[in-house]
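Structure first, commentary second.
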Amino acid sequence: MKKTIKKLVAAVFALSLVFSLAACNGSNEETTEVTTTEPPVISKTEQPRTSTEAIAYFNLVMDAVKAGKPAVEVKVSKNIHDIESDNAKLKAAIPTIKKYMLNTKADGAEFGDDLTDIFPVKGQSWGSKLTVNDVRYANCLEALKTYEITIRLADEKDALPLTSAHGKAFDLTDKAAILTEFEKAADYIKVDSLDLTYTGSFIKCSVDRATDEVLSVTYYLNANAVSSVTGTGTLEGMGTVPLNLRYDSTITYNLTWTVDED
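Sequential numbering from 0 applies to the sequence shown in numbering that gives the first Met the number 0.
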């Protein structure tokens with residue numbers, strides 16, 4: 000009996016040895032796993048902690064875009080919705096009117112191009128003049144390689160370009176220019192009066208922590224419009240009626256700070 004057990008143990012041991020040798024001899028090459036770890040990013044500027052600091056930092060890096068002249072890619076989307084009108088014909092014509100008014104064409108720029116008329120605030124040498132009094136809040140969060148800035152503006156009625164809170168960061172047109180834009184739909188309506196309340200607008204900006212270079216910035220501009228319009232052309236029979244709607248615009252600027260080498 001003991002001899003039988005010894006033979007069984009020996010057989011098991013021999014079998015395990017065969018599998019061990021097979022595993023070892025499956026490849027004569029030594030495999031070594033190498034784990035590479037990127038060094039942590041050292042921020043050029045200490046993380047802004049308060050709303051005041053976040054806004055000051057945003058102004059600084061945005062102004063630097065105009066001076067640094069990176070390449071710029073622009074993406075635009077616009078929409079009109081939440082339309083309120085008692086006139087069924089006017090409501091039915093809104094999709095056609097939107098085609099005339101919602102222009103989403105935007106010019107980009109190559110590296111080194113003048114960005115004065117490309118990047119906000121257009122026509123100016125600066126990118127932002129916001130103050131803490133212009134916003135509901137602002138914060139700056141630290142990510143792996145970037146600072147992520149969010150600025151939410153306070154509500155504002157009939158905001159003017161350059162001088163209003165929205166005008167210090169957004170590309171705004173004055174009311175006269177907006178009414179001129181409505182003239183593109185003159186075959187359908189004539190706008191008699193217009194009041195705009197900008198509400199819920201905000202900015203999101205991603206900045207390279209190591210260089211303080213803006214990588215992308217998105218402007219979310221939202222406005223409630225209260226207007227009185229008179230029908231023209233096919234809508235002439237409707238007379239003068241109130242028209243209220245919501246206007247949303249989202250514009251994203253993606254920036255490249257290096258020259259593509261062919």
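Just so it is clear, CB atoms sit at the ideal spot from N, CA and C, and this is done for glycine as well.
If contact is defined by three or more beta carbon pairs under 8 Å, each pair taking one atom from either stretch, is the region 203-213 in contact with the region 54-63? Flag = yes, the region 54-63 and the region 203-213 touch.
Residue range of the alpha helix (DSSP H) that includes V64: 50-67
Reference V75, options L234, K104, L214, closest by Cα: With distances taken between Cα atoms, V75 lies closest to K104.
Minimum length 3: unbroken beta strand (DSSP E) runs contained in the region 70-124: Entirely contained in the region 70-124, the beta strand (DSSP E) runs reaching 3 residues are, in chain order, 70-83.
Would I54 and T130 qualify as a contact pair, given that the criterion is a beta-carbon distance under 8 Å? yes
Where N24 sits in the DSSP three-state scheme: Below a pLDDT of 50, predicted positions are generally treated as unreliable, and N24, at 41, falls in that range; no measurement from the model is reported.
Quick one: give me the first and last residue of the alpha helix (DSSP H) that F181 is part of. 174-181
Kindly give me the distance between the Cβ atoms of D133 and L152, rounded to whole angstroms, as I take these residues to be in contact under 8 Å. 6 Å
In whole angstroms, what separates the C-alpha of K68 from that of L114? 6 Å
Provide the residue(s) that pair with G236 in DSSP beta bridges, ordered along the chain. DSSP output for G236 lists no bridge partner at all.
In the DSSP assignment, find the unbroken beta strand (DSSP E) run with N221 in it and report its ends. From DSSP, the beta strand (DSSP E) with N221 extends over 212-230.
Skipping 5 residues on each side, what residues in its chain have a beta carbon closer than 6 Å to that of E72? G107, N253
So, under 8 Å CB-CB, L161 and K174 are touching, yes? Tell me the CB distance rounded to an integer number of Å. Not a contact, Cβ separation roughly 14 Å.
Tell me the rounded alpha-carbon separation between E28 and T36. Legend: pLDDT at E28 = 44, less than 50; position of this residue unreliable, value from coordinates given subsequently. C-alpha separation (whole angstroms): 25 Å.
My understanding is that T196 touches A222, with C-beta atoms under 8 Å, so please give their C-beta distance in whole angstroms. 6 Å
Could you tell me which residues DSSP pairs with R245 in its beta bridges? R245 is bridged to H80, N223.
Is the distance from the Cβ of R208 to the Cβ of K144 below 8 Å? yes
Secondary structure at D133, three-state DSSP: helix, strand or coil? helix
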